[in-house]
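Below you'll find the structure, written out as structure tokens, and then a few comments.
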Amino acid sequence: RIREMKNLKPTLEGKNDLLNAMELIAKTSNGPKQQYPSMGCNVKWKNN
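Residue numbers (my numbering): 43 to 90.
Next comes the structure, spelled out in structure tokens:
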């Protein structure tokens, strides 16, 4: 998750899980122990 959402709109006060995980990996070479699944981030391809 990049930001938490309210009514399908990102909130500025929410946690930035992706940034926090990247910073942790850069500092320790390990990812976070608790991970959150992404939501609505898949790409759909359409052939014309």
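Just so it is clear, CB atoms sit at the ideal spot from N, CA and C, and this is done for glycine as well. Keep in mind that this is a model prediction, so the values were computed, not measured.
**Q.** Close Cβ partners of Lys-69 (< 8 angstroms) along its chain, the five nearest in sequence each way excluded
**A.** Residue 69 sits at position 27 when you count from the first residue of the sequence shown. If we look at Lys-69 and ignore the five residues flanking it on each side, it has no Cβ neighbours.
Q | CA-to-CA distance, Asn-49 to Leu-60, given in whole angstroms | A | As a first step, residue 60 is located in the sequence shown; it is residue number 18 there, counting from the start. As a first step, residue 49 is located in the sequence shown; it is residue number 7 there, counting from the start. The straight-line gap from Cα to Cα measures roughly 21 angstroms.
Q: With a threshold of 7 angstroms, establish whether the CB of Leu-60 neighbours any heavy atom of the ligand ADP.
A: Inclusion of the ligand ADP in the displayed structure is not the case, the ligand content being empty and no account of it being possible.
Q. From Leu-66 to Gln-77, what does the alpha carbon distance come to, in whole angstroms?
A. The residue given as residue 66 occupies position 24 in the sequence shown. The residue given as residue 77 occupies position 35 in the sequence shown. Going from the Cα of Leu-66 to the Cα of Gln-77 covers about 12 angstroms.
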